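Engineer: Residues in the sequence shown are numbered from 0 upward in steps of one, following numbering that gives the first Met the number 0. The C-beta atom is built at its ideal place from N, Cα and C for all residues, glycine as well. Note that the structure is a prediction, hence the values are computed from the model and not measured.
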Amino acid sequence: MSHSITHWEKLDNSAILFPAIANDSMTNTYRLAVVLKEKVIGDILQEALEFVLGRFPGFKQRLRKGFFWYYLEENDKPVPKVEEESTYPCRSTRTNENNSYLFRVTYFDRRINLEVFHVLADGTGGFEFLKELTFAYLRLSHEKLMEKRKGMLSEGTSVNRDDSFIRNYRKPEKFTYAYAVKKAFLIKGEKLPFHGFGVVNAHLSVAAVKKIAHSYGASINELMVALFMYSTYKAYKSGVSEKRPVRVAVPVNLRPYFDSITTKNFFVMVSAEFIPTKPDYGFEEIVGIAKESLRKQITKDNLESIFSFNVSGQQILLARTVPLVFKNIGLRAIYGRSAVANTTTVTNMGQVKVPDDYAMYIESFQCFLSFSKGQGLKLGIASFQDVLTLSFSTAFSDTSLIMEFLRKLSELGAEAAIETNGVFYE
Numbered sequence: 000m001s002h003s004i005t006h007w008e009k010l011d012n013s014a015i016l017f018p019a020i021a022n023d024s025m026t027n028t029y030r031l032a033v034v035l036k037e038k039v040i041g042d043i044l045q046e047a048l049e050f051v052l053g054r055f056p057g058f059k060q061r062l063r064k065g066f067f068w069y070y071l072e073e074n075d076k077p078v079p080k081v082e083e084e085s086t087y088p089c090r091s092t093r094t095n096e097n098n099s100y101l102f103r104v105t106y107f108d109r110r111i112n113l114e115v116f117h118v119l120a121d122g123t124g125g126f127e128f129l130k131e132l133t134f135a136y137l138r139l140s141h142e143k144l145m146e147k148r149k150g151m152l153s154e155g156t157s158v159n160r161d162d163s164f165i166r167n168y169r170k171p172e173k174f175t176y177a178y179a180v181k182k183a184f185l186i187k188g189e190k191l192p193f194h195g196f197g198v199v200n201a202h203l204s205v206a207a208v209k210k211i212a213h214s215y216g217a218s219i220n221e222l223m224v225a226l227f228m229y230s231t232y233k234a235y236k237s238g239v240s241e242k243r244p245v246r247v248a249v250p251v252n253l254r255p256y257f258d259s260i261t262t263k264n265f266f267v268m269v270s271a272e273f274i275p276t277k278p279d280y281g282f283e284e285i286v287g288i289a290k291e292s293l294r295k296q297i298t299k300d301n302l303e304s305i306f307s308f309n310v311s312g313q314q315i316l317l318a319r320t321v322p323l324v325f326k327n328i329g330l331r332a333i334y335g336r337s338a339v340a341n342t343t344t345v346t347n348m349g350q351v352k353v354p355d356d357y358a359m360y361i362e363s364f365q366c367f368l369s370f371s372k373g374q375g376l377k378l379g380i381a382s383f384q385d386v387l388t389l390s391f392s393t394a395f396s397d398t399s400l401i402m403e404f405l406r407k408l409s410e411l412g413a414e415a416a417i418e419t420n421g422v423f424y425e
């Protein structure tokens with residue numbers, strides 16, 4: 000009697016943390032979205048998902064809990080149901096719902112949303128999946144696209160599930176703790192009612208933002224981190240101090256540095272830091288501080304030492320004899336210390352590239368993050384052609400920091416078209 004063998008895989012180095020700390024108020028789920036130039040039809044999107052999921056083994060998985068560790072196992076349940084969006088974004092990915100899948104696909108008007116539990120993939124891996132889902136959807140709804148590509152994923156799309164952390168790991172010569180653990184300034188304020196999730200999207204011209212960044216000798220990423228620091232400093236001047244500096248966590252995609260095409264997690268966090276030591280700072284000074292802080296850290300050597308530190312720490316923690324329940328307590332404690340060391344997270348997915356056949360049907364891409372301990376306001380950035388979309392996700396009813404940010408951008412010469420999900424007016 001033959002048994003079919005179920006494929007399973009270990010969690011990568013970043014993923015190990017997420018199941019240990021996830022709960023309803025900290026879901027570790029992020030959202031990527033594409034806005035089309037036409038209304039989305041749910042049935043066609045469902046068909047597109049069935050096509051793509053069959054070709055993406057990395058997303059066709061469920062989370063399992065062993066005695067010593069969590070692992071991912073092939074999920075043979077039916078494809079999850081695509082639904083029209085009706086609730087707040089980035090809710091918990093409960094393992095007993097949604098046919099045990101760790102992602103969810105919804106749509107609203109012209110937008111297709113993909114929400115992913117971070118265990119499965121980081122934003123780069125998630126975008127591979129979302130793009131293919133979009134292409135399959137467009138092929139099914141436009142005959143002339145269908146003729147071009149039958150039953151295929153696009154060239155250059157990766158379904159690789161290499162654990163690039165382990166592959167690139169070098170045993171550290173000396174053990175230095177790679178993360179900030181001193182407390183940062185944390186944004187506080189009245190929360191939106193009913194665990195609300197506010198979203199403010201600002202659409203700008205990539206060219207206009209690039210021009211501003213270049214005038215300061217900065218990249219778009221550095222400019223955005225500086226703007227967040229500056230706006231926090233302006234909006235909460237009495238709270239930001241030498242003891243409580245503004246620290247912005249910035250995820251860095253490691254693939255370009257270490258020649259990887261994995262769709263698993265492969266990123267590390269660095270933190271840009273602004274410690275005020277005098278009564279007043281101008282914007283230009285803060286750009287200089289953000290630039291220096293990021294450039295010092297985003298070097299191949301430093302990135303390698305950060306994740307090697309993580310991997311070696313994990314190898315000690317994952318000593319097989321420690322049951323999972325205790326590992327989780329340890330992971331939560333480590334996380335709890337580093338969580339309050341950052342004011343916010345700013346993640347930039349960069350320019351999303353799409354084959355010309357499909358690009359004409361697409362207006363923009365978006366990405367944003369769920370809240371985490373101490374961080375009730377975050378910023379996700381994605382660009383497509385000349386549309387740069389800033390997506391602020393916020394738990395607070397006060398939007399003064401966001402308004403300060405957008406006001407400064409407009410003063411610098413980049414006007415934003417703004418939309419929100421309406422929670423601020425309820």
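Could you tell me whether the Cβ atoms of residue 417 and residue 201 are closer together than 7 Å?
Structural biologist: Stepping through the sequence shown from its first residue, residue 417 is reached at position 418. Stepping through the sequence shown from its first residue, residue 201 is reached at position 202. Yes, they are a contact pair.
Engineer: Determine the extent of the beta strand (DSSP E) in which residue 389 is found, giving its start and end residues.
Structural biologist: Within the sequence shown, residue 389 is the residue found at index 390, counting from 1. Note, residue 389: beta strand (DSSP E), 386–393.
Engineer: Just reading off the alpha helix (DSSP H) that residue 137 is part of, what are its end residues?
Structural biologist: What you label residue 137 is simply residue 138 of the sequence shown in a count that begins at 1. Residues 122–140.
Engineer: Could you tell me which of 74, 43, 108, 255 sits nearest to residue 32, measuring between CA atoms?
Structural biologist: Numbered from 1 along the sequence shown, position 33 holds the residue referred to as residue 32. When only C-alpha atoms are compared, the closest one is 108.
Engineer: Determine, using beta-carbon pairs with one atom in the segment 19–33 and one in the segment 325–344, whether at least three such pairs fall under 8 Å.
Structural biologist: The segment 19–33 vs the segment 325–344: in contact.
Engineer: Using the three-state DSSP reduction, which class does residue 201 fall into: helix, strand or coil?
Structural biologist: Translated into positions along the sequence shown, residue 201 becomes position 202. Reduced to three states, the DSSP call for residue 201 is strand.
Engineer: Determine the burial state of residue 370: buried for a count of at least 16 other Cβ atoms within 10 Å of its Cβ, exposed for fewer.
Structural biologist: Start at 1 with the first residue of the sequence shown, and residue 370 comes out as number 371. Looking at its Cβ environment, which holds 16 or more other Cβ atoms inside 10 Å, residue 370 is buried.
Engineer: Which residues mark the beginning and the end of the beta strand (DSSP E) in which residue 103 is found?
Structural biologist: Here residue 103 refers to the residue found at position 104 when the sequence shown is read from its first residue. Element bounds for residue 103: 102–107.
Engineer: Let's test the definition: count the other Cβ atoms within 10 Å of the Cβ of residue 0 and tell me whether it reaches 16, buried, or not, exposed.
Structural biologist: Position 1 of the sequence shown, counting from 1, holds the residue named residue 0. Confidence is the limiting factor: at residue 0 the pLDDT is only 47, short of 50, which leaves the residue's position unreliable, though a coordinate-based value still follows. The residue is exposed, with fewer than 16 neighbouring Cβ atoms inside 10 Å.
Engineer: Contact check, residue 338 vs residue 372 under 8 Å by CB: the rounded distance?
Structural biologist: Against the sequence shown, residue 338 aligns to sequence position 339. Against the sequence shown, residue 372 aligns to sequence position 373. Confirmed, Cβ separation roughly 4 Å.
Engineer: Kindly confirm or deny that the segment 94–106 and the segment 115–122 touch, where touching means at least three C-beta pairs closer than 8 Å.
Structural biologist: Touching, yes.
Engineer: From the DSSP output, which residues share a beta bridge with residue 296?
Structural biologist: Against the sequence shown, residue 296 aligns to sequence position 297. According to DSSP, which records beta bridges pairwise, residue 296 is partnered with nothing at all.
Engineer: With residue 360 and residue 137 assumed to form a contact (beta carbons below 8 Å), what rounded beta-carbon distance in angstroms separates them?
Structural biologist: On the sequence shown, position 361 is the one that residue 360 refers to. On the sequence shown, position 138 is the one that residue 137 refers to. Indeed, because the Cβ distance is near 5 Å, the residues count as touching under 8 Å.
Engineer: In the structure shown, what three-state DSSP assignment does residue 325 receive?
Structural biologist: Counted from its first residue, the sequence shown places residue 325 at position 326. DSSP places residue 325 in helix when its eight states are reduced to three.
Engineer: Over what stretch of residues does the beta strand (DSSP E) that includes residue 31 continue unbroken?
Structural biologist: Residue 31 sits at position 32 when you count from the first residue of the sequence shown. 28–35 is the span of the beta strand (DSSP E), which, as asked, contains residue 31.
Engineer: Could you tell me how far apart the beta carbons of residue 183 and residue 341 are, in whole angstroms, since I believe they sit closer than 8 Å?
Structural biologist: Position 184 of the sequence shown, counted from the start, is the residue given in the question as residue 183. Position 342 of the sequence shown, counted from the start, is the residue given in the question as residue 341. About 5 Å separates the two Cβ atoms, so the contact holds.
Engineer: Measuring straight from C-alpha to C-alpha, what distance separates residue 73 and residue 53?
Structural biologist: As a position in the sequence shown, residue 73 is number 74, starting the count at 1. As a position in the sequence shown, residue 53 is number 54, starting the count at 1. Each residue's Cα considered, the two are about 12 Å apart.
Engineer: Determine, using beta-carbon pairs with one atom in the segment 227–240 and one in the segment 276–285, whether at least three such pairs fall under 8 Å.
Structural biologist: Contact between the segment 227–240 and the segment 276–285 is present, because at least three Cβ pairs lie under 8 Å.
Engineer: Starting from residue 48, follow the alpha helix (DSSP H) in both directions and report where the run begins and ends.
Structural biologist: Taking the first residue of the sequence shown as 1, we reach residue 48 at position 49. Unbroken alpha helix (DSSP H) run through residue 48: 41–52.
Engineer: Could you give the DSSP three-state label for residue 171: helix, strand or coil?
Structural biologist: Taking the first residue of the sequence shown as 1, we reach residue 171 at position 172. Residue 171 falls in the coil class under three-state DSSP.
Engineer: So, helix, strand or coil for residue 219, using DSSP?
Structural biologist: By one-based count along the sequence shown, residue 219 stands at place 220. DSSP places residue 219 in helix when its eight states are reduced to three.
Engineer: Where does residue 409 sit, in a helix, a strand or coil, going by DSSP?
Structural biologist: As a first step, residue 409 must be located in the sequence shown, where it is residue number 410. Residue 409 falls in the helix class under three-state DSSP.
Engineer: In three-state terms, what does DSSP make of residue 278?
Structural biologist: Sequence index remark: in the sequence shown, residue 278 carries index 279 (1-based). Three-state result, residue 278: coil.
Engineer: Reducing DSSP to helix, strand and coil, say where residue 15 ends up.
Structural biologist: As a working mapping, residue 15 is identified with position 16 in the sequence shown. Residue 15 falls in the coil class under three-state DSSP.
Engineer: Tell me where the alpha helix (DSSP H) around residue 358 begins and ends.
Structural biologist: By 1-based counting over the sequence shown, the position of residue 358 is 359. 355–358 is the extent of the alpha helix (DSSP H) around residue 358.
Engineer: From residue 206 to residue 385, what does the alpha carbon distance come to, in whole angstroms?
Structural biologist: Translated into the one-based positions of the sequence shown, residue 206 becomes position 207. Translated into the one-based positions of the sequence shown, residue 385 becomes position 386. So the two alpha carbons sit approximately 7 Å from each other.
Engineer: Can you tell me the Cβ-Cβ gap for residue 167 and residue 257, rounded? I've got them flagged as a contact below 8 Å.
Structural biologist: On the sequence shown, residue 167 is found 168 positions in, with the first residue counted as 1. On the sequence shown, residue 257 is found 258 positions in, with the first residue counted as 1. The Cβ separation is near 5 Å, so the contact holds.
Engineer: Need the endpoints of the beta strand (DSSP E) that residue 250 sits in, please.
Structural biologist: In the sequence shown, counting from the first residue as 1, residue 250 sits at position 251. First-last of the beta strand (DSSP E) with residue 250: 245–252.
Engineer: Mind reading off the beta-carbon distance from residue 409 to residue 388? Whole number of angstroms is fine, and I expect it under 8 Å.
Structural biologist: Translated into the one-based positions of the sequence shown, residue 409 becomes position 410. Translated into the one-based positions of the sequence shown, residue 388 becomes position 389. Actually they are not in contact, since the Cβ atoms of residue 409 and residue 388 sit about 16 Å apart, beyond 8 Å.
Engineer: Can you give me the C-alpha to C-alpha distance between residue 221 and residue 143, rounded to a whole angstrom?
Structural biologist: Taking the sequence shown and counting its residues from 1, the one referred to as residue 221 is at position 222. Taking the sequence shown and counting its residues from 1, the one referred to as residue 143 is at position 144. Cα-Cα distance, rounded: 41 Å.
Engineer: Rank 285, 58, 68 by C-alpha distance to the C-alpha of residue 323 and give the top, closest one.
Structural biologist: The sequence position of residue 323 within the sequence shown is 324, counting from 1. Answer by Cα proximity: 68.
Engineer: Is the beta carbon of residue 44 closer than 7 Å to that of residue 81?
Structural biologist: Position 82 of the sequence shown, counted from the first residue, corresponds to residue 81. Position 45 of the sequence shown, counted from the first residue, corresponds to residue 44. Yes, these two residues count as a Cβ contact at 7 Å.
Engineer: If you pair each beta-carbon of the segment 129–136 with each one of the segment 394–408, do three or more pairs fall below 8 Å?
Structural biologist: These segments do not touch.
Engineer: If you count every other CB in all the chains shown that lies within 10 Å of the CB of residue 96, and 16 or more means buried, which is it?
Structural biologist: As a position in the sequence shown, residue 96 is number 97, starting the count at 1. That one is exposed.
Engineer: Mark residue 421 as exposed unless 16 or more other C-beta atoms lie within 10 angstroms of its C-beta, in which case mark it buried.
Structural biologist: As a first step, residue 421 is located in the sequence shown; it is residue number 422 there, counting from the start. So residue 421 ends up on the exposed side.
Engineer: What is the rounded straight-line gap between the Cα of residue 377 and the Cα of residue 262?
Structural biologist: Position 378 of the sequence shown holds residue 377. Position 263 of the sequence shown holds residue 262. In a straight line, the C-alpha of residue 377 is about 23 Å away from that of residue 262.
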